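One structure below.
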Amino acid sequence: MITLKEALKLSAEELVALKEELAKKIEAHAKLNAYVGLESAGEGVPIAIKDNIQVKTWSVTNGSKILQGYIAPYNATVIEKMQAAGLTPFGRTNMDEFAMGSTTESSYYGKTVNPHNASCVPGGSSGGSAAAVAAGLAVAALGSDTGGSIRQPAAFCGIVGMKPTYGRVSRYGLGAYASSLDQIGPMTQNVEDAAILYDIISGYDANDSTSVHRNDKVSDKLDPSRKLTIAIVPNYIKDASEDVKRAFAKAVAVLRNAGHTIVERELMDAKYDISAYYVTATAEASTNLARYDGIRYGSRVEGSNLKETYIKSRSEGFGDEVKRRILLGNFVLSSGYYDAYYVKAQKVRHRIKEEYETIFKEVDLILSPVAPRTAYEFGSLADPLEMYLSDIYTISVNLAGLPAIALPIETSEAGMPVGLQLIAAPFDEQTLFDGALSLEQSLQS
Amino acid sequence: MFEVVIGLEVHVQLNTKTKLFCSCPTSFNHRQNSNTCPTCLALPGALPVLNKAVVEKSVMFGTAVNATVNRTSYFDRKSYFYPDSPSAYQITQLYTPIVEHGALQIDFEDGTHKVIRINRAHIEADAGKNIHEGDVSKVDLNRAGTPLLEIVSEPDMRSSEEVILYLKKLHAIVRYLDISDANMQEGSFRVDVNVSIRPKGDEKLYTRVEIKNINSFRFIQKAIEIEVARQIEAWEDGVYDEEIYQETRLFDQARQETRSMRGKEEAADYRYFPEPDLLKVVVDDAMYATFSKIPELPDEKRKRFVDAYGMNEYNASVITSSLEMAHYFEAMMQEGISAKNATTWLSVELQGRFGGEVNIENSPVNAKTLGTLVKRIEDQTLSGKAAKEVLDYLMEHDEDVDAVIDKLGLKQVSDTGAIEQLVNEILAANPDKVQEYHNGKEKLFGFFVGQVMKASKGSANPQAVNDILKSKLS
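Chains E and P, in that order, are what the protein sequence lines are.
Quick note on this note's numbering: the first sequence kicks off at 1 and runs consecutively.
Quick note on this note's numbering: the second sequence kicks off at 446 and runs consecutively.
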């Protein structure tokens, strides 16, 4: 597939041809179920859009039954920015319902499969976007990352996925899962494309109060020759699979070879990250998803009175994983438990932030796994808790609001991609992309 | 033997042009659901952005009640399901409100005062409205997201009289600051009353019952009296613990009772937590400097009126209880008239002619006109009686005072020659009455005055008539 950088040079006619070619390919690969709709919206370089980003006139459903029939009446800020830069939304990609999941299995539209092995998950929640880019069904895509939802499917599918610093990219028009953690980011074929797409969608937006007043860009000054200090966290690696450990060792060697300095640092046990994350995210989600009540839009199941209409609409509209997280969120916020769970989780979150701050006083980047193992087979997770635990490498980045990028390192013996991530200090996307580009180029040479 | 303990929660709708978290207009009476957008409809992906004017007005209020204005405050989500709340949570300020620890002084008619403490004032978003039509319920979200300042008093009031004085003072303050229309009928000044009783001398607070949304001062007074009676009766019957529990009750005007809104078992858990879509609210030095300079407040104005115009405290407080009255009064005073006459003609004569839709804000007679009219009494152009006639006419016709006096022929005759001639005519026509007067029937003096006034068609200056009659009859 043509890269984003190249596609931006195409003429209007060539772009029309590209879209036709894409449409055919998507049709031919319908079994992947990467796309849940093939809407388009005007001229420009086609970019696949995760089903939780509002595109005016599109049916945007968060992969949920409860939003069936809903047509978005406005564009997300990222869509406006894309259109202003000559890009256009093209096709809606599959996702875990309301971005809650790591496999894309919880979608109302059914599972997406991994392009490298149809019996394996593509990761999630942005599994549709990752599969589309990996299978050559998209030039690039947008995903959203609340606890790893861009980086983990990118690693599972062998593409580049980047989560910006919290506040860099406007959340206006992103169907909210957890407001203090959500970020939209690029999912691309290579690091440079990720930088280009990141530049286009980032920047201050008055419609998002948590958006920051920063508009600095990275793609025109990418510099892979910078010599960086990169930290690794040995106590983190021990829980990873052999495939991941091998890729990690390879990346360390390649980075050293390229002239970077590798240092060792420690982070507290990631089990605290998991607790802090699932308390915070579900608390926010329980209120963010309360608006889906069947009253004003989406699917309604009539009951004999108001309360019954609420209960039926929500019981039938939401899937199991979403219900589980809403229940958990309501529990941690309920009277008598708030201090023990929510308040404590915020303290842990603060600790995590401080730990990263300390490390980034001395280093430029941290290299870390994205997931404990490569894409696994459908049904191989015993229970939801096992899925939650598989997020250990990604969620602290969201809790601390840091930028991170996942990129493919090698292919496992079983033929599955192994990705790793680089993490940078807040707002230091330049160093993040410079380091990632250096790693990417060193792996190719 | 019982003491009544009352605290108030007043929801004041701030009169900003746009809503609290979006740029939809706050105006009234538009087509249902026309003043809405993705944010106030809570569409997927829409986000709130704080309207700065709301913070500014809150700073003004905090300053006016001598409160602490928290330079940093926070928003929280309060969760509950109801169709008039599109996001199913209200954005409010639970943990750190913008205004805390204020106080307001109430003034009794006997000249004594009492301080009522204000616990807090916090910013929050209003809900929409549900309209029930038989089996069908409709939702109008025009009001959803309108800014409210909820002002919470301490339980410092001990009678319904104190409640009304507090509310009137609070109302005057928000009007003086021009931060709210504060119209009870339109719902821009909504009062929730928390009432409990306790044996006199007891310091502890007993179970409080909340009475919601009562839309006039008169009904508030009534609702309190009825609720207090209910609680005392329960106490005296020995069923206080069973019958009085913390709940929300509605005042039923027609039946003259308070009624439970929802059962005990439905006690809501609002699951408050910090609103992650908004940053902390910061009142920076520049904003604080600008908005802590507030206009003259009722108490200051009253004091100034007493000092500058020599008015008594009571008259001054009547005039200053409403900003519009006070402005009207001061404009009248521009005509160089006495404060006493201005007070009477404004608060008795003009207000006595109001009714229906007519009030001080849309009075057909403006302050300059009424001031001129009073001036004409003081310079003896008009008698007081004639002036009332002129005012009646002016209520219906927008015309110049002097032109109306001429047109109605009400100009007072002070020309002593003309009056003397009338006096002579009257005395000549009633020789027997003159004789009776001289024989000691002094009551007849009034008869002669009346006859002269009648003959002048009311236009003679009564003082001049008196003087001339006195000298002729002596």
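Backbone N, C-alpha and C fix where the C-beta goes; we use that ideal spot for every residue, glycine too.
From a predicted model like this one, the values you see are computed outputs, not experimental measurements.
Residue i (DSSP reduced to helix, strand or coil)
i              : result
D697 (chain P) : strand
E802 (chain P) : coil
S762 (chain P) : helix
Q535 (chain P) : strand
H475 (chain P) : coil
A822 (chain P) : It is worth fixing the name first, because residue 822 (chain P) is Ile in this sequence and not Ala. Three-state result, I822 (chain P): helix.
E316 (chain E) : helix
H567 (chain P) : strand
T513 (chain P) : strand
Q458 (chain P) : strand
D585 (chain P) : strand
K559 (chain P) : strand
S792 (chain P) : helix
I665 (chain P) : helix
T374 (chain E) : coil
N553 (chain P) : According to the sequence as given, residue 553 (chain P) is Phe; it is not Asn. Correct three-state label for F553 (chain P): coil.
Q676 (chain P) : helix
P907 (chain P) : helix
T104 (chain E) : coil
F526 (chain P) : coil
M602 (chain P) : strand
F634 (chain P) : strand
L593 (chain P) : strand
I543 (chain P) : coil
P426 (chain E) : coil
K888 (chain P) : coil
L18 (chain E)  : helix
G379 (chain E) : coil
Sequence-distant residues of the same chain with beta carbon closer than 8 Å to residue i, five excluded per side
i              : result
Y525 (chain P) : A533, Y534, Q535, A713, Y715
N906 (chain P) : Q825, S828, Q857, V858, S859, I864
S582 (chain P) : P528, N575, I576
S225 (chain E) : S438
M268 (chain E) : R351, I352, E355
Own chain residues within Cβ distance below 7 Å of residue i, not counting five before or after
i              : result
M840 (chain P) : R798, P809, V810
I196 (chain E) : L4, K5, S219
H546 (chain P) : A512, T513
Same chain, Cβ closer than 6 Å to residue i, neighbours up to 5 away in sequence not counted
i              : result
G44 (chain E)  : G86, L87, T88
K312 (chain E) : V301, G303
A285 (chain E) : Y177, A178, R325, G329
G101 (chain E) : G124, S125, E321
T103 (chain E) : V121, G124
A270 (chain E) : I392
I352 (chain E) : S396, L399, A400
Y491 (chain E) : Outside the shown range of chain E, which is 1 to 445, sits residue 491 (chain E), and nothing can be said about it.
N416 (chain E) : With the sequence shown as reference, residue 416 (chain E) is identified as Met, and Asn is not the correct amino acid for it. Hits under 6 Å: H116, T374, A375.
Per-residue contacts from residue i into chain E (C-beta, under 8 Å)
i              : result
A533 (chain P) : T287, A290, R291, D293
7 Å Cβ cut-off: residues of chain E touching residue i
i              : result
R716 (chain P) : N330, L333, S334
Contact list for residue i against chain E, beta-carbon separation under 9 Å
i              : result
G490 (chain P) : N52, I53, Q54, V60, A72, Y74, A76, R171, Y172, G173, L174, G175, A176
L768 (chain P) : Going along chain E, no residue has its Cβ under 9 Å from L768 (chain P), so there is no contact; the nearest lies around 34 Å.
Interface residues of chain P facing residue i [CB-CB closer than 9 Å]
i              : result
N207 (chain E) : T484, A491, L492, V494
Y388 (chain E) : Those within 9 Å of Y388 (chain E) in chain P number zero; the least Cβ separation is about 21 Å.
Near the ligand SAH: residue i beta-carbon under 7 Å from a heavy atom
i              : result
A491 (chain P) : Among the components of this structure there are no ligands whatsoever, and the ligand SAH is therefore not found.
Under 7 Å from the C-beta of residue i: neighbouring residues of chain P
i              : result
E284 (chain E) : P721
R296 (chain E) : L486, P531
S180 (chain E) : P721
E277 (chain E) : Going by the sequence as given, residue 277 (chain E) is Tyr instead of Glu. By Cβ distance, chain P contributes nothing, its closest Cβ being about 14 Å from Y277 (chain E), past 7 Å.
Y310 (chain E) : F526
Contact list for residue i against chain P, beta-carbon separation under 8 Å
i              : result
Y342 (chain E) : F718
Enumerate, from N- to C-terminal direction, the unbroken alpha helix (DSSP H) stretches of 4 or more residues contained entirely within the segment 213 to 281 of chain E. 234 to 237, 242 to 257
Jot down the residue ranges of each uninterrupted beta strand (DSSP E) in the segment 25 to 92 of chain E, minimum 3 residues, whole runs only, in chain order. 35 to 40, 45 to 50
Could you name the residues of the segment 30 to 55 of chain E whose beta carbon sits closer than 9 Å to any beta carbon of chain P, in the order they occur along the chain? N52, I53, Q54
Check distances from the C-beta atoms of the segment 244 to 258 of chain E to those of chain P and list, in chain order, the residues that come in under 7 Å. none
Interfacial residues, the segment 567 to 596 of chain P to chain E, with Cβ spacing under 9 Å: S582, V584, L586
Just list the beta strand (DSSP E) runs in the segment 145 to 223 of chain E, keeping only unbroken ones of 3 residues or longer that don't cross its boundaries, in chain order. 160 to 163, 183 to 188
Members of the segment 195 to 224 of chain E near chain P, C-beta cut-off 8 Å: A206, N207, D208, S209, T210
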